[in-house]
Amino acid sequence: MTNSNYQALERYTAQVLLGDVWNRPQLSRRDRSIITLSVLIARNQSAALPHYLDLALDHGVRPSEISAMLAHLAFYSGWGNAMAAAEAVQAVFARRGIEANAPAPAAPLPLDDSAEQRRHAIVERKYGAIAPGLVQLTRDVIFQDLWLQPELSLRDRCLVTICSVIATAQTAQLAFYLNRAMDNGVSRAELSEVMTQLALYSGWSSVYTALAVMKEVLESRPD
Amino acid sequence: MTNSNYQALERYTAQVLLGDVWNRPQLSRRDRSIITLSVLIARNQSAALPHYLDLALDHGVRPSEISAMLAHLAFYSGWGNAMAAAEAVQAVFARRGIEANAPAPAAPLPLDDSAEQRRHAIVERKYGAIAPGLVQLTRDVIFQDLWLQPELSLRDRCLVTICSVIATAQTAQLAFYLNRAMDNGVSRAELSEVMTQLALYSGWSSVYTALAVMKEVLESRPD
Amino acid sequence: MTNSNYQALERYTAQVLLGDVWNRPQLSRRDRSIITLSVLIARNQSAALPHYLDLALDHGVRPSEISAMLAHLAFYSGWGNAMAAAEAVQAVFARRGIEANAPAPAAPLPLDDSAEQRRHAIVERKYGAIAPGLVQLTRDVIFQDLWLQPELSLRDRCLVTICSVIATAQTAQLAFYLNRAMDNGVSRAELSEVMTQLALYSGWSSVYTALAVMKEVLESRPD
Chain Z
-5 MTNSNYQALE RYTAQVLLGD VWNRPQLSRR DRSIITLSVL IARNQSAALP HYLDLALDHG
55 VRPSEISAML AHLAFYSGWG NAMAAAEAVQ AVFARRGIEA NAPAPAAPLP LDDSAEQRRH
115 AIVERKYGAI APGLVQLTRD VIFQDLWLQP ELSLRDRCLV TICSVIATAQ TAQLAFYLNR
175 AMDNGVSRAE LSEVMTQLAL YSGWSSVYTA LAVMKEVLES RPD
Chain F
-5 MTNSNYQALE RYTAQVLLGD VWNRPQLSRR DRSIITLSVL IARNQSAALP HYLDLALDHG
55 VRPSEISAML AHLAFYSGWG NAMAAAEAVQ AVFARRGIEA NAPAPAAPLP LDDSAEQRRH
115 AIVERKYGAI APGLVQLTRD VIFQDLWLQP ELSLRDRCLV TICSVIATAQ TAQLAFYLNR
175 AMDNGVSRAE LSEVMTQLAL YSGWSSVYTA LAVMKEVLES RPD
Chain P
-5 MTNSNYQALE RYTAQVLLGD VWNRPQLSRR DRSIITLSVL IARNQSAALP HYLDLALDHG
55 VRPSEISAML AHLAFYSGWG NAMAAAEAVQ AVFARRGIEA NAPAPAAPLP LDDSAEQRRH
115 AIVERKYGAI APGLVQLTRD VIFQDLWLQP ELSLRDRCLV TICSVIATAQ TAQLAFYLNR
175 AMDNGVSRAE LSEVMTQLAL YSGWSSVYTA LAVMKEVLES RPD
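Chains as they are written, first to last, in this note's numbering: chain Z, -5 to 217; chain F, -5 to 217; chain P, -5 to 217.
Okay, here's the thing in structure tokens:
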């Protein structure tokens, strides 16, 4: 885009995206990178990935965090998205000389047993009879395995999941993960700015749909 | 993905996707292939198509069924998806030496006249005044033509449609097609496992949104 | 697609898409092009873009209108979609010798102050406390800047937005933009045919979800 045929898109990219939103102090560039990558992966927008992977690494997202995002988004947004993104990640890592450094597998994070038992009981009561295989997989693989892998923090997994849910129009799942995000340290001010960043990358429509849910969640919480 | 930068995604692919879900006895690999292809086509995820087209053909999905899925998903998920998928299909068919064998056009399946008249009457009453062209096209092209083409069974068309509806977050259309699937021979146990397969390829969020609808549909049926 | 492996998709493309829908008199081919491009861009379906960009230019959509659509859809459907589409647009413009002709920046359209104040007051009251940054950006950048750029008419921006909202399953945002479209000169008959065109390119499921909203909007209006 080097000519005036794109002057509107270029002007907004310069003034709004780069000149304003990415510089706002309410959220770090590292978090903005995680948000942006999550949208691009959950929507299978591979063309833009190399640029934003470079940006993410420059802004302090660790390679192991990016790899963990791939697995997390495989489950939340579908395997095809993660496999397509893995190719882009591999190319960027290779270009930057990021080595595979097979670490000793880290111990999983401790499970919050009582919260997980409450979650599972609710899902089991609702869907145990109609989808027993999925309910079991949700417990064994999602909440007692994936979420406990230490390469990506609980807080960051919440951000990634919220972005995936909003970017793929899965509004009915949003309240659960907004609450989970706040339970894991995401503040109201940060959530507010997550929505601003998402507006630019997931689109205005998707974020206004999300705001209605966020309002209800925030009003239901004492903190 | 041959190094430890992707160990989480590789581990889950080996243990959960290939080691567990694809081997479950509740649904054939043929059906799992149809489900997976439907998601990839409905979401325009062309990069993964060649691999899963090979798998589908190896698992007994006939070339004529794949071709019929393209036309079905053109209508249900948009022409652009089908045209992009057709390129991938053509390349895989050519590589495998699958010949175009212009058969005599098969006679369409018989129409269930009274069910179709009920369906049309409901849609006509709701939307005939505001979208007469679309209501007529829905009758003439979708329900009295597309669904009757014998290259893909009614049961399989139901699977394809359910996957497209879930993969594209069109929750409001789901109850109709879940009922249609059960009316055409998809059992409760199969539907349950369709959701497990979809969880991996369409993403966890989309399937939990669908479960809420499926629960209502199942509770409303005597069978 | 030159062989009988694709005969169903080819038959429907010839008979329904090209033989019927694109020729209907209720909506111009120019409008149908804008609708189709909007879906393809909002869904990041770049493979089909060159063909439909050529068609749009042949049907009278101006290059400056296409460029304005890129910026509009960047905001409504996400930056990644617009950047991917910009590459396709650039290639088609270059091939056709469409020159960048840096015009003097045109004056923005006049703002309908009282309507905008009502809109902003509603959004401010609902979301001003939880997402002040986004609410401000919505006013300053979306409604007091983007929508006033004269390269694309208000009416056409409404069409583009409706298509983006429907193609990305953002049903909750649809009523507002349907009303806005009718306030800016889109007739009931045109809206009806927008839905027919969308059925083919955004998919049947997405359009039936939209019809339920459209029915409510139409019944609530005196015109």
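All C-beta atoms in this analysis are idealised placements derived from N, C-alpha and C, irrespective of residue type, glycine included. Because the structure is a prediction, the values reported are computed rather than measured.
*asked:* Counting only beta-carbon separations shorter than 7 angstroms, does P:Thr203 have a partner in chain F?
replied: Position 209 of the third sequence, counting from 1, holds the residue named residue 203 of chain P. Judged by the 7 angstroms Cβ criterion, P:Thr203 is in contact with chain F.
*asked:* Quick check on the DSSP output: the alpha helix (DSSP H) that includes P:Asp227 runs from which residue to which?
replied: Because chain P spans -5 through 217 in this model, residue 227 of chain P falls outside it and cannot be assessed.
*Hey, F:Ala2 and Z:Ala65: beta-carbon distance below 7 angstroms or not?*
If you number the second sequence from 1, residue 2 of chain F lands on position 8. If you number the first sequence from 1, residue 65 of chain Z lands on position 71. Cβ atoms of F:Ala2 and Z:Ala65: closer than 7 angstroms.
*Applying a beta-carbon distance threshold of less than 8 angstroms, which residues of chain F neighbour P:Ser33?*
As a working note, residue 33 of chain P is residue 39 in the third sequence. For the record, residue 33 of chain P in the displayed sequence is Val; it is not Ser. In chain order: Gly72 and Gly74.
*Local conformation of Z:Leu11 per DSSP, three classes*: For this step, residue 11 of chain Z is matched to residue 17 along the first sequence. Correct three-state label for Z:Leu11: helix.
_Can you tell me where the alpha helix (DSSP H) holding F:Phe69 begins and where it ends?_
As a first step, residue 69 of chain F must be located in the second sequence, where it is residue number 75. Segment Pro57 to Ser71, the alpha helix (DSSP H) holding F:Phe69.
*What does P:Tyr195 reach in chain Z if we use C-beta pairs closer than 9 angstroms?*
Counting from 1 along the third sequence, the entry for residue 195 of chain P is found at position 201. By Cβ distance, chain Z contributes nothing, its closest Cβ being about 18 angstroms from P:Tyr195, past 9 angstroms.
_For Z:Thr203 and P:Gln167, believed in contact at Cβ under 8 angstroms, the rounded distance_ = Taking the first residue of the third sequence as position 1, residue 167 of chain P is located at position 173. Taking the first residue of the first sequence as position 1, residue 203 of chain Z is located at position 209. Their Cβ separation, rounded to whole angstroms, is 6 angstroms, which keeps P:Gln167 and Z:Thr203 in contact under 8 angstroms.
*Per-residue contacts from F:Ser158 into chain P (C-beta, under 8 angstroms)*: Numbered from its first residue, the second sequence carries residue 158 of chain F at position 164. Correct list: Gly197 and Ser199.
*On a CA-only basis, which of P:Arg112, P:Ala175 and P:Leu103 is nearest P:Leu140? Give me that one, please.*
Along the third sequence, one-based indexing puts residue 140 of chain P at 146. Ranking the options by Cα distance to P:Leu140, first place goes to P:Leu103.
*asked:* Which residues in chain P have a C-beta closer than 7 angstroms to the C-beta of Z:Ser214? List them in chain order.
replied: Translated into the one-based positions of the first sequence, residue 214 of chain Z becomes position 220. Those do not exist, as Z:Ser214 stays about 13 angstroms from chain P at its closest Cβ, beyond 7 angstroms.
*Can you give me the Cβ contacts of Z:Arg119 inside the same chain, cut-off strictly under 6 angstroms, excluding the 5 residues immediately before and after it?*
If you number the first sequence from 1, residue 119 of chain Z lands on position 125. Excluding positions up to five away in sequence, the list is empty.
*Given P:Leu34, which residues of its chain have a CB within under 7 angstroms of its CB, disregarding the five upstream and five downstream residues?*
Indexing the third sequence from 1 puts residue 34 of chain P at position 40. Around P:Leu34: Ala42, Leu43 and Tyr46.
_Only counting the same chain, and skipping five residues up and downstream in sequence, which positions put a Cβ closer than 8 angstroms to that of F:Arg113?_
Position 119 of the second sequence, counting from 1, holds the residue named residue 113 of chain F. Answer for F:Arg113: Phe137, listed in chain order.
*Mind pulling the chain Z residues with CB within less than 7 angstroms of P:Tyr121?*
Indexing the third sequence from 1 puts residue 121 of chain P at position 127. Here the neighbours are Leu205 and Lys209.
*Would you mind reading off the limits of the alpha helix (DSSP H) that contains P:Glu213?*
The residue given as residue 213 of chain P occupies position 219 in the third sequence. Trp198 to Glu213 is the span of the alpha helix (DSSP H), which, as asked, contains P:Glu213.
*Hey, F:Tyr0 and Z:Ser61: beta-carbon distance below 7 angstroms or not?*
By 1-based counting over the second sequence, the position of residue 0 of chain F is 6. By 1-based counting over the first sequence, the position of residue 61 of chain Z is 67. Taking 7 angstroms as the Cβ cut-off, F:Tyr0 and Z:Ser61 qualify as a contacting pair.
*So what does DSSP say about F:Ala104, is it helix, strand or coil?*
Here residue 104 of chain F refers to the residue found at position 110 of the second sequence. Per the sequence shown, residue 104 of chain F should be read as Pro rather than Ala. DSSP places F:Pro104 in coil when its eight states are reduced to three.
_Three-state secondary structure (DSSP) of F:Gly74_ = As a position in the second sequence, residue 74 of chain F is number 80, starting the count at 1. Of the three classes helix, strand and coil, the one that applies to F:Gly74 here is helix, per DSSP.
*Where does F:Asp134 sit, in a helix, a strand or coil, going by DSSP?*
For this step, residue 134 of chain F is matched to residue 140 along the second sequence. DSSP places F:Asp134 in helix when its eight states are reduced to three.
*asked:* Spatial neighbours of Z:Thr132 within its chain, please: C-beta separation below 7 angstroms, excluding the five flanking residues on both sides.
replied: As a position in the first sequence, residue 132 of chain Z is number 138, starting the count at 1. Only Val117 meet the Cβ criterion.
*Expressed to the nearest angstrom, what Euclidean distance is found between the alpha-carbon atoms of F:Leu51 and F:Pro57?*
Here residue 51 of chain F is taken as the residue at index 57 of the second sequence, counted from 1. Here residue 57 of chain F is taken as the residue at index 63 of the second sequence, counted from 1. Distance between the alpha carbons of F:Leu51 and F:Pro57 is about 7 angstroms.
*Could you work out which residue in P:Leu128, P:Met63 and P:Ser199 is closest to P:Leu153 when comparing CA atoms only?*
What you label residue 153 of chain P is simply residue 159 of the third sequence in a count that begins at 1. The option with the nearest alpha carbon to P:Leu153 is P:Met63.
*Where does P:Pro216 sit, in a helix, a strand or coil, going by DSSP?*
Mapped onto the third sequence, residue 216 of chain P falls at position 222. Looking at P:Pro216 - three-state DSSP - the assignment turns out to be coil, as it is neither helix nor strand.
*asked:* In this structure, how does DSSP classify F:His53 when only helix, strand and coil are distinguished?
replied: In the second sequence, residue 53 of chain F corresponds to position 59, counting from 1. In this structure, F:His53 counts as coil in the three-state DSSP scheme.
_Whether or not the segment 19 to 38 of chain Z and the segment 120 to 129 of chain Z are in contact is what I'm after, with contact meaning three or more pairs of Cβ atoms, one per stretch, closer than 8 angstroms; do they touch?_
no
_If I measure Cβ to Cβ from F:Met(-5) and keep anything under 8 angstroms in the same chain, skipping five residues before and after, which residues do I get?_
Residue numbering aside, residue -5 of chain F sits at position 1 when the second sequence is read from its first letter. Only weak support exists for where F:Met(-5) lies, its pLDDT of 42 falling under 50; the coordinates are left without a value.
*Which residues in chain P sit within 8 angstroms of F:Pro126, going by Cβ to Cβ distance?*
Counted from its first residue, the second sequence places residue 126 of chain F at position 132. Simply Ser186.
*Using a C-beta cutoff of 7 angstroms, does Z:Val10 count as contacting chain P?*
Mapped onto the first sequence, residue 10 of chain Z falls at position 16. By this cut-off, Z:Val10 is an interface position.
*If we cut at 7 angstroms on Cβ distances, does P:Phe69 have a partner in chain Z?*
By 1-based counting over the third sequence, the position of residue 69 of chain P is 75. It does: the Cβ of P:Phe69 has a partner Cβ on chain Z nearer than 7 angstroms.
*Would a C-beta distance cut-off of 7 angstroms place P:Ser27 and P:Thr162 closer than the cut-off?*
For the purposes of this step, residue 27 of chain P is taken as residue 33 along the third sequence, with counting starting at 1. For the purposes of this step, residue 162 of chain P is taken as residue 168 along the third sequence, with counting starting at 1. Not a contact, by the Cβ cut-off of 7 angstroms.
*Can you grab the Cα-Cα spacing for the pair Z:Val10 / Z:Asn75, in whole Å?*
To locate residue 10 of chain Z, count along the first sequence from 1; it is residue 16. To locate residue 75 of chain Z, count along the first sequence from 1; it is residue 81. Taking the straight line joining both Cα atoms gives about 28 angstroms.
*Under 7 angstroms between beta-carbons, which chain P residues line up against F:Met77? List them in chain order, please.*
For the purposes of this step, residue 77 of chain F is identified with residue 83 of the second sequence, where counting begins at 1. Going along chain P in sequence order, the residues near F:Met77 (Cβ under 7 angstroms) are Ala42.
*Heavy atom of the ligand ZN less than 6 angstroms from the Cβ of P:Ile156, yes or no?*
With respect to the ligand ZN, the structure offers nothing, as it holds no ligand at all.
*Using the beta-carbon of each residue, which ones in chain P are nearer than 8 angstroms to F:Glu145?*
The sequence position of residue 145 of chain F within the second sequence is 151, counting from 1. Chain P residues near F:Glu145: Ala2.
*Check the C-beta distance from P:Ile160 over to P:Ala175 and give it rounded, since I have them as a contact under 8 angstroms.*
In the third sequence, the residue the question calls residue 160 of chain P occupies position 166. In the third sequence, the residue the question calls residue 175 of chain P occupies position 181. In fact, because the Cβ distance is near 12 angstroms, the residues do not count as touching under 8 angstroms.
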